[in-house]
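Residues 98 to 358 in my numbering are what the sequence shown lists, from first letter to last.
Yeah, the Cβ is synthetic: ideal placement off N, Cα and C, and Gly gets one too.
Here is the structure we will look at.
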Amino acid sequence: MITVLETIYSTAKLQMKEAVTRPTFRFCLLIQPIIYSLITYKMFINSGHDNFVAYTVLGTGILTLWSCICFSSAGDIERERYMGTLQVIYNTPTNFKVIILGKILGNTMLGLLPFFISFAFVRLFLGGDMYIKDPMAFGISMIITIASFMGISMLFAAVFTLSRSSRILMNCIEYPVFILCGILFPIEILPKWTIPLSYILSPTWAVKLLRLSVEGLEGNDIFCKYFGILTTITIIYFILSNILFKIIDNKTRIKATLGVV
């Protein structure tokens with residue numbers, strides 16, 4: 098257990114150092130939240146909501162966190178494959194899932210930075226202010242949100258390991274998830290046939306939890322309901338990713354399908 102934790106820590110630390118050297122990731126991490134903050138601030142400024150800055154910061158933070166996951170956590174498989182190191186990593190004594198989990202942890206920790214960048218930009222340059230009515234509920238919501246994003250990252254990493262079109266898939270999933278999860282607008286305005294798709298995506302419930310904690314809890318029932326649903330979906334993601342990694346392990350050892358060619 099100690100060895101596993103040490104591996105996760107060292108992998109996450111190395112991943113964070115490598116990630117910030119990539120121009121695309123730096124753009125997603127530092128520039129994108131400023132652009133999104135400006136756009137969402139202008140969208141919500143005339144909404145009549147007295148705490149609209151909170152929606153701006155949360156929307157920007159989650160949008161950017163998802164982008165970091167798409168272009169780093171999911172893209173790591175593609176990069177390792179084209180550098181010829183995916184096979185090496187897969188055949189190390191350390192379990193492949195543990196290494197991927199460490200990479201995802203590092204990316205997720207960096208992905209939290211845009212929340213602070215967005216708040217600082219809105220506060221300093223746009224004069225906006227926000228408040229959180231239930232800080233404890235917000236803290237709990239952030240913890241389960243981080244876990245849920247790591248779960249969906251593990252699932253995508255497992256799927257992309259065998260796919261030769263992971264870069265195409267990576268670009269295709271970014272904006273549909275923005276829309277389906279209601280990050281900037283309610284999913285109720287979407288076509289009815291898309292609602293079930295929204296409900297099986299963890300960011301949908303993460304957004305609901307975070308907004309609920311910002312607005313304040315009139316009762317614990319709705320919060321506990323959303324928390325339970327998000328926790329269940331997150332557990333399912335990890336279970337599915339574990340199953341997929343086992344399937345991948347069997348197939349790759351037989352067919353050797355990890356390389357570029």
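Do you know how far the Cα of residue j is from the Cα of residue i?
i	j	result
THR151	ALA255	The residue you asked about is not Thr; residue 151 is Ala in the sequence shown. Rounded to whole angstroms, ALA151 to ALA255 spans 34 Å at the Cα level.
ILE131	LYS352	45 Å
PHE141	GLU175	37 Å
ILE345	ILE166	21 Å
LEU135	GLN184	43 Å
GLY309	ASP231	One point to set straight first is that residue 309 is Leu, not Gly, in the sequence displayed. About 9 Å.
THR153	PHE222	14 Å
LEU266	THR258	12 Å
MET227	LEU127	21 Å
PHE212	LEU155	7 Å
SER238	GLN129	24 Å
THR328	ARG119	33 Å
TYR106	VAL311	31 Å
ILE326	VAL101	29 Å
From the options, pick the residue whose C-alpha is nearest to that of residue i; which is it?
i	options	result
PHE216	SER299, PHE342, ASN148	ASN148
ILE359	GLY279, SER295, TRP290, THR108	Missing from the structure shown is residue 359; the chain here goes from 98 to 358 and no further.
TYR272	LEU341, CYS125, SER164, GLN129	SER164
ARG123	GLU103, GLY156, ILE105, THR161	THR161
ILE270	ASN317, GLY172, ALA116, GLU285	GLY172
ILE276	MET267, THR182, ILE292, GLY203	ILE292
LEU252	THR331, THR242, GLY158	THR331
ALA244	ILE201, LEU281, ILE99	ILE201
Answer with buried or exposed for residue i, where buried requires no fewer than 16 other C-beta atoms within 10 angstroms of its C-beta.
i	result
GLY145	exposed
GLU177	buried
CYS278	buried
VAL274	buried
ASN347	exposed
If you reduce the DSSP assignment to three classes, tell me which class residue i lands in.
i	result
VAL357	Low confidence applies to VAL357: its pLDDT is 49, below 50, so where it sits in the model is not reliable, and the reading given next is rough at best. It is coil, neither helix nor strand.
GLY315	A small correction: the amino acid at residue 315 is Glu; Gly does not occupy that position in the sequence shown. Correct three-state label for GLU315: coil.
ARG119	coil
ILE265	helix
Closest Cβ-Cβ distance between residue i and chain C: below 8 Å?
i	result
LYS139	Included in the structure is just one protein chain, with no chain C present.
Unbroken stretches of the alpha helix (DSSP H), 4 residues or longer, contained in the stretch 267-296: Within the stretch 267-296, the complete alpha helix (DSSP H) segments of 4 residues or longer fall at 292-296, listed in chain order.
Sequence ranges, alpha helix (DSSP H) only - wholly within the stretch 145-190, length at least 4: Annotation note: the stretch 145-190 contains the following uninterrupted alpha helix (DSSP H) runs of length 4 or greater, listed N- to C-terminal: 149-165, 172-180, 183-187.
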